[in-house]
Amino acid sequence: MGMFKAVRIDKAEKGTTVAITQFDEAELMDGDVTIRVEWSTVNYKDGLALTGKAPVVRRFPMIAGIDLAGTVETSSHPEWKPGDKVICNGWGMGETHLGAYAEKARVKGEWLVRLPEGLTTRDAMAIGTAGYTAMLSVLALEKHGLTPGDGPVVVTGAAGGVGSVAIALLSKLGYHVIASTGRISEQDYLKGLGAAEIIDRAELSGAAKPLAKERWAGGIDSVGSTTLANLLSMTRPRGAIAACGLAGGMDLPSSVAPFILRGISLLGIDSVMCPIALRRQAWTRLATDLDAGKLADITQEISLDGVVEAGARVLAGEVRGRIVVKIV
Ligand code: NDP
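Positions 6 to 333 (my numbering) are the ones given, in order, by the sequence shown.
Below, the structure is given as structure tokens:
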């Protein structure tokens, strides 16, 4: 058994501490597949765990990181053999199960998705949980029956990870995308991703009316709170909003008016415990529906040593798009 480099979170008298340290392979948790981690990423939830700003970590010591892509080293699971390229998102990694910011991870074989044809392990983590959540949101809107012909779609938290990928996906699928951002200075970036219109997020952040002027047929919301309430009140009859985030707050100060007077649907998106069949569908679609050039444009690369600082920047809303972490 060897030692490997990892970002370790420990409980302290007050809160938590975080350090880049050596971790003993013998301390890895149960699982039937051991993976050589090649790439990871920094999501909003990683920022919360690394800074200790929310009680994301529920086991100590913890290796942070909710997302990984790499190569199977050993496996006693029938589906996986050494050399297979795999992706693992969520399932409690970095929360209750030792996570991704490490040279090695041991997980359950049933958690893994095979790397789709056409994507590298780096691409998969440039997409990461944020991008895969954007795809789950698109799939939910499609299942609802939304099509580009129904009218515009709105994306909130537009310059963030979920938002950036959502814009790229929706515009490629032919939607007229309205991007809501607090960073109007990023309008060239957002237009480059495919946004047709940019609006200031302040327009959507005040108290929501029960019903307001109809502006879109659907949307993807990574902000929550009054922003989600406004989105609902401005959605056209029979439209749908996929709710996947809480960057602006966990509350939802809305009313039943959009639901009972306009037949609006609120579609909940959970990436963490998402069933494996839906994960596979999402990753397969990401390999075909996400423009590789746009993915490259939204991605910046850091090393494991830069993860802690990056986590704080994500929470401060200072990161545009996605961060990919080179592990080895
Ligand atoms: P990012 O930090 O990359 O993006 C969040 C964006 O939200 C920011 O870039 C900013 O966009 C906007 N924002 C931040 N603070 C506020 C605020 N106070 N009010 C309004 N807008 C704000 O995070 P991610 O894209 O990775 O994640 C977005 C959200 O989705 C998070 O809450 C995350 O926890 C959640 N999430 C949920 C998942 C699930 O399974 N349901 C999976 C993945 C993420 P701008 O500057 O353009 O205004």
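All residues carry an ideal CB built from backbone N, CA and C; glycine is no exception. Remember, it's a predicted structure, so these values are computed and weren't measured experimentally.
Using only the alpha-carbon positions, how far apart do residue i and residue j sit?
i	j	result
Lys214	Ser238	7 Å
Ile334	Ala201	No statement about residue 334 is possible, as the shown extent of the chain runs from 6 to 333 and does not include it.
Ala262	Pro280	32 Å
Gln305	Leu266	44 Å
Pro153	Cys249	21 Å
Ala321	Ala282	34 Å
Lys331	Leu73	10 Å
Ala105	Gly133	12 Å
Asp35	Asp15	20 Å
Lys299	Leu124	14 Å
Gly57	Glu100	12 Å
Ala207	Arg64	38 Å
Gly150	Gly268	13 Å
Arg327	Leu198	13 Å
Just curious, the alpha helix (DSSP H) that residue i is in, first and last residue?
i	result
Arg285	Ile281 to Asp294
Ile303	Ala297 to Ile303
Asp128	Thr126 to His149
Arg318	Val312 to Leu320
Asp89	Counting along the chain, Asp89 falls outside any alpha helix (DSSP H), and DSSP gives it neither H nor E.
Asp193	Gln192 to Leu198
Val62	No alpha helix (DSSP H) holds Val62; DSSP gives it neither H nor E.
Gly179	Per DSSP, Gly179 belongs to no alpha helix (DSSP H) and is neither H nor E.
With DSSP as the reference, label residue i as helix, strand or coil.
i	result
Phe264	helix
Lys331	strand
Leu209	helix
Pro153	helix
Leu73	strand
Gly229	coil
Glu323	coil
Ala52	Per the sequence presented here, residue 52 reads as Gly, with Ala not at that position. It is helical.
Ser169	helix
Glu78	strand
Ala347	No information on residue 347 is available, as it lies outside the stretch 6 to 333 that the chain covers here.
Ala31	helix
Glu115	helix
Ala252	coil
Ala24	strand
Ala201	coil
Between which two residues does the beta strand (DSSP E) harbouring residue i extend?
i	result
Thr101	Careful: Thr101 lies outside any beta strand (DSSP E) and carries neither H nor E.
Lys109	Lys109 to Val112
Ala11	Met8 to Lys16
Ile183	Val182 to Thr186
Leu216	It is not in any beta strand (DSSP E) - Leu216 carries neither H nor E in the DSSP assignment.
Gly244	Thr240 to Ala248
Val5	In the structure as shown, the chain starts at 6 and stops at 333, and residue 5 therefore has no counterpart that could be examined.
Ser270	Ser270 to Gly273
Mind reading off the beta-carbon distance from residue i to residue j? Whole number of angstroms is fine, and I expect it under 8 Å.
i	j	result
Ser142	Ile225	4 Å
Val38	Trp85	5 Å
Ala3	Leu174	No statement about residue 3 is possible, as the shown extent of the chain runs from 6 to 333 and does not include it.
Ile68	Arg13	6 Å
Lys109	Val42	6 Å
Tyr137	Asn94	6 Å
Trp44	Val312	In fact, because the Cβ distance is near 12 Å, the residues do not count as touching under 8 Å.
Leu209	Thr232	5 Å
Ala54	Val47	Rounded, the Cβ-Cβ distance is 10 Å, inconsistent with contact.
Gly229	Gly254	5 Å
Leu236	Val159	6 Å
Glu219	Arg243	11 Å between Cβ atoms; not a contact.
Any C-beta of chain C sitting closer than 8 Å to the C-beta of residue i?
i	result
Ser176	Absent here is chain C; the protein component of the structure consists of one chain.
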